[in-house]
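**Student:** Chains as they are written, first to last, in the working numbering: chain V, 36 to 124; chain Y, 444 to 997. Note that CB positions come from ideal geometry on N, CA and C, so glycine has one too. Just so we're clear, the structure is a prediction, and the values are computed from it rather than from any experiment. This is the structure I want to talk about, given as structure tokens.
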Amino acid sequence: MTWTAEEFPGVEWVEGSGDFIRFDPDRCSACARCVKVCLGDCFEIAEKKARVKSLEKCLECGACWFACTDGAIDFSWPPGGKGYRSLWG
Amino acid sequence: MEEYDVVVVGAGFGGPVAAKKCAEAGFRTLMLERGERVGQKVISGLTIPFYGFLFGPAFIRDGNPPIERPADGIINYIVKDIEKGDIDIDDTLRVPKPLSPVLAFGYNAYCQPFCEWEADRAVESGVELRTSTVAVDVIKEDGFVKGVVTDDGSRIGAKIVIDAEGCQGILAIKAGVREKYTPDAISLADVYDYEMSKEDVDRIFGSTLRFCWGWDEQRIAPPLGYGNGLMVWPYRESLHFIQDQCLVTDAGRLPSLKDFDEYHRNITGGLDWWQEDIAPRVRLRARVWDAFEIFVGLDERLKAMPNHTDGMILIGDAAGLESTELCDGVPAAWFSAEMAADVAIDALRAGDTSSSFLRRYDELIKAHPIIQWSISRTNRHDLRYAQQTHDEKLLKRYIHDGWGLGGFKHVSTPLIRTILDSIAEEPGILTSWIRMFFRYYNNWHHQRFDGRTEAESEPVARTRGERVFKGITGALDRGLKRFGGPVKTVARFLAPASAAANPVMKVLLPVIEPLYLWLLKVTEAPAGRLSDRLVRFVADAHPSLFERPPTERK
């Protein structure tokens, strides 16, 4: 299955990407850097920790991972052929 | 376990270049791509500067890659007060007519078709391409990289791994070659792609890029951390619009990238030329973004990280080679891919892929004049300083030095050095360069992009113009063949003198520039007519005329 997002035309997401961004709550200081740098609105702060809200609009840029100086984010790629695909890249 | 001589990770701009070269040298080469289709995970279109084509891979220079539009100049809008429409213009960087637009300073391109075109050429040369495949880790034995592990758990053996993964560089971190970049080294490019008819793009933009610069408080461009800019690239039937933002601001804080929407609304809503000429004629068809490691070259610690380990070489963005100058990493990806392949081939032939052998790759990167210039330029840093001090004079000077004619004060040495080095290696490259500009324009005009890389017969000359072109390039080919030795010697002799080019331009440019701009102005009308004639000639000419004749092939 694939889906699109109205605010991000020209992109499709392919189902099956799994949890390719993971949080280590013990390391998270709830600084919300990941929330601020994510254009795909993938993160939220809940109970004084950041967590993945949804990776449905993730463009796999890694900004959250670069921005996290606590070492709380583990970033990898979705499995081959899954995740976003750009139609006008 | 499957075994290959070379495994290339990533089929972006650099990967196929390295893979193709290794396969042509007779080595069993596999290229992995995580997208279902090549180029799907590369999102930001761009202008690839001319030096990438001139000094990069021969199969691109002599081939017919898919380009969106030649780029022949930049109009910089320095927005002092957007509400009052108080805007200064610096449009000094342009290829002069009648040479433009046939001669371009770069070519605008979408990444997806371009990377796919490159990958197709690599496959034709014997590279095995495996899409929908992620290299999740390296296989290490006694600290030596011996292959990769893919996302389905397969282990693929390789005598050497060429890592072209991109700026995130996860595989390089896992291999212990590099560290994750700090946020101040990273910028996020936010891209809007607007559909527009070709007639409208031709009429309103031609082949000229438009960059907008403004003060932070106007909120029309992201406060980058180092610079400030909004950029519009005219494509064939679309406008590609980019703003980018460093992940760390001057105060060391992280900006909210969600402000991108507001900047975009403010700049497009506040510019009369956008509202009147463009807004009624465009439709947004894509909005994407990606991170890139634009400031690695300005950080000595990050810059000093190695680009190789036992059994593995890093190229392009994976090696931190993004240009701070132009927000563009394609030429450096091509140059490093070729150098990596050369070193890998030598290593495989010598039966030694150890770090001590591969070290020469890092030495080549450090000695490459254009790579070093492009990753080390401080123009964005300078712009940020002008922004902080709110010094209009400085802002204009730095824009002029980065995206205007002032650039020749710092680009002359690396360019002249590379031109001379290229001629010293192969004098015949001169005519390849001439033919490339003409062929690219002819291809663009006819939308003819394919796998042809060589003429099958002698160039066809039907008209007088075509006969003149064939005569000139043919004579040059013959002359360079006959006098190749002396030409090489002269180029080698002159090469060290290129070091003086930047200092000389620093002194001469303030004198030459006003005269040059005056000359362009007074010759505008006749030069424009000549340019139109040149365009008609190139568009109407038989395409074989601009390909390298079989008799001159190596």
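Assuming A559 (chain Y) is part of the alpha helix (DSSP H), what are its boundary residues?
**Tutor:** The amino acid at residue 559 (chain Y) is misidentified as Ala; the sequence shows Glu. That run of the alpha helix (DSSP H) goes C554 to E567.
**Student:** Taking the C-alpha atoms as reference points, what is the distance between K88 (chain V) and G53 (chain V)?
**Tutor:** One C-alpha to the other measures close to 13 Å.
**Student:** In the DSSP assignment, the alpha helix (DSSP H) including W887 (chain Y) goes from what residue to what residue?
**Tutor:** Start and end: I872 to H889.
**Student:** Taking a Cβ distance cut-off of 9 Å, strictly less, list which residues of the stretch 467-487 of chain Y are near chain V, in chain order.
**Tutor:** Taking 9 Å as the Cβ-Cβ cut-off against chain V, the residues of the stretch 467-487 of chain Y that qualify are L475, E476, R477, G478, E479, R480, G482, Q483, K484, V485, I486 and S487.
**Student:** Could you tell me whether the stretch 538-553 of chain Y touches the stretch 508-527 of chain Y, where touching means 3 or more Cβ pairs closer than 8 Å?
**Tutor:** Taking 8 Å as the limit for Cβ pairs, the verdict is that the stretch 508-527 of chain Y does touch the stretch 538-553 of chain Y.
**Student:** By the DSSP assignment, the alpha helix (DSSP H) with V950 (chain Y) in it spans what residues?
**Tutor:** Per DSSP, V950 (chain Y) belongs to the alpha helix (DSSP H) from A944 to V965.
**Student:** From the beta carbon of R68 (chain V), is the nearest beta carbon of chain Y less than 8 Å away?
**Tutor:** It does: the Cβ of R68 (chain V) has a partner Cβ on chain Y nearer than 8 Å.
**Student:** Across which residues does DSSP place Y550 (chain Y) in a beta bridge pair?
**Tutor:** Partner(s): Y:I491 and Y:P513.
**Student:** Under a Cβ-count criterion, where at least 16 other Cβ atoms within 10 Å of its own Cβ denotes burial, should Q890 (chain Y) be classed as buried or exposed?
**Tutor:** By the 10 Å Cβ count, Q890 (chain Y) comes out exposed.
**Student:** DSSP on W716 (chain Y), reduced to helix/strand/coil?
**Tutor:** Note: W716 (chain Y) maps to helix in three-state DSSP.
**Student:** So is C554 (chain Y) in contact with chain V if we call contact Cβ pairs under 8 Å?
**Tutor:** Yes, C554 (chain Y) lies at the interface with chain V (some Cβ there is under 8 Å from its Cβ).
**Student:** Going along chain Y, which residues have a C-beta under 7 Å from C8 (chain V)?
**Tutor:** Residue 8 (chain V) lies beyond the range of chain V shown here (36 to 124); nothing can be said about it.
**Student:** If we ignore side chains and look at the alpha-carbon of each, how far apart do F936 (chain Y) and A942 (chain Y) end up?
**Tutor:** Answer to the nearest angstrom: the Cα atoms are 13 Å apart.
**Student:** Using three-state DSSP, classify H751 (chain Y) as helix, strand or coil.
**Tutor:** Strand, per DSSP.
**Student:** Please report the distance separating the alpha-carbon of S817 (chain Y) from that of K83 (chain V).
**Tutor:** For S817 (chain Y) and K83 (chain V), the distance between alpha carbons rounds to 43 Å.
**Student:** Note down the Cα distance separating E95 (chain V) from G45 (chain V), rounded to an integer number of angstroms.
**Tutor:** Those two C-alpha atoms are separated by around 15 Å.
**Student:** Whole angstroms is fine: what's the gap from R662 (chain Y)'s alpha carbon to E638 (chain Y)'s?
**Tutor:** Approximately 25 Å, taken between the alpha carbons.
**Student:** What separation, rounded to the nearest whole angstrom, lies between the Cα atoms of L667 (chain Y) and T874 (chain Y)?
**Tutor:** Rounded to the nearest angstrom, the two C-alpha atoms are 41 Å apart.
**Student:** Hey, would you say V449 (chain Y) sits closer than 8 Å to L475 (chain Y), going by beta carbons?
**Tutor:** Cβ distance not < 8 Å, so V449 (chain Y) and L475 (chain Y) don't count as in contact.
**Student:** Secondary structure at W123 (chain V), three-state DSSP: helix, strand or coil?
**Tutor:** In this structure, W123 (chain V) counts as coil in the three-state DSSP scheme.
**Student:** Would you call the stretch 477-486 of chain Y and the stretch 787-803 of chain Y touching, i.e. three or more CB-CB distances under 8 Å?
**Tutor:** No, the stretch 477-486 of chain Y is not in contact with the stretch 787-803 of chain Y.
**Student:** Which chain V residues are close to A729 (chain Y), counting only those with a beta carbon under 9 Å from its beta carbon?
**Tutor:** The contacting residues are F43, P44, G45, V46, S121, L122, W123 and G124.
**Student:** What residues from the stretch 70-88 of chain V come within 7 Å of chain Y, judged by C-beta to C-beta, listed N to C?
**Tutor:** Within the stretch 70-88 of chain V, the qualifying residues are K71, V72 and L74.
**Student:** Alpha carbon to alpha carbon, how far is I1006 (chain Y) from E680 (chain Y)?
**Tutor:** Outside the displayed range of chain Y (444 to 997) lies residue 1006 (chain Y), so it cannot be described from this structure.
**Student:** Closer than 6 Å by C-beta to P626 (chain Y): which residues in its own chain qualify, once you throw out the five before and the five after it? Chain order, please.
**Tutor:** Hits under 6 Å: L690 and V691.
**Student:** Compare the C-alpha of F778 (chain Y) against each of Y:D645, Y:A762, Y:T752 and Y:V965 and name the closest.
**Tutor:** Considering only alpha carbons, the answer is Y:A762.
**Student:** Using a Cβ-Cβ cutoff of less than 6 Å, which residues in the same chain neighbour W100 (chain V) once the five nearest sequence positions on both sides are dropped?
**Tutor:** Answer for W100 (chain V): I108 and F110, listed in chain order.
**Student:** Listing by chain order, which chain V residues have their CB less than 9 Å from the CB of F703 (chain Y)?
**Tutor:** Ordered by position in chain V, the residues that pass the 9 Å Cβ test against F703 (chain Y) are L74.
**Student:** Considering only C-alpha positions, which residue in the set Y:L652, Y:I616, Y:G649 and Y:C610 is nearest to A632 (chain Y)?
**Tutor:** Measuring from the Cα of A632 (chain Y), the nearest candidate turns out to be Y:C610.
**Student:** Short of 8 Å Cβ to Cβ, which residues in the stretch 564-593 of chain Y face chain V?
**Tutor:** Those would be T574, S575, T576, V577, V579 and T593, in chain order.
**Student:** Between which two residues does the alpha helix (DSSP H) containing E79 (chain V) stretch?
**Tutor:** Not the alpha helix (DSSP H): E79 (chain V) falls in the beta strand (DSSP E), residues F78 to A81.
**Student:** Per the contact definition of three or more C-beta pairs closer than 8 Å, is the stretch 449-464 of chain Y in contact with the stretch 748-766 of chain Y?
**Tutor:** Taking 8 Å as the limit for Cβ pairs, the verdict is that the stretch 449-464 of chain Y does touch the stretch 748-766 of chain Y.
**Student:** Whose Cβ in chain Y lies nearer than 7 Å to the Cβ of P6 (chain V)?
**Tutor:** Residue 6 (chain V) lies beyond the range of chain V shown here (36 to 124); nothing can be said about it.
**Student:** Identify which residue in Y:A601, Y:V592 and Y:V634 has its Cα closest to the Cα of L122 (chain V).
**Tutor:** Closest by alpha carbon: Y:V634.
**Student:** Tell me which residues of the stretch 660-686 of chain Y have at least one Cβ-Cβ distance to chain V shorter than 7 Å, keeping chain order.
**Tutor:** So nothing in the stretch comes that close.
**Student:** For S111 (chain V), name the three-state secondary structure that DSSP assigns.
**Tutor:** Coil, per DSSP.
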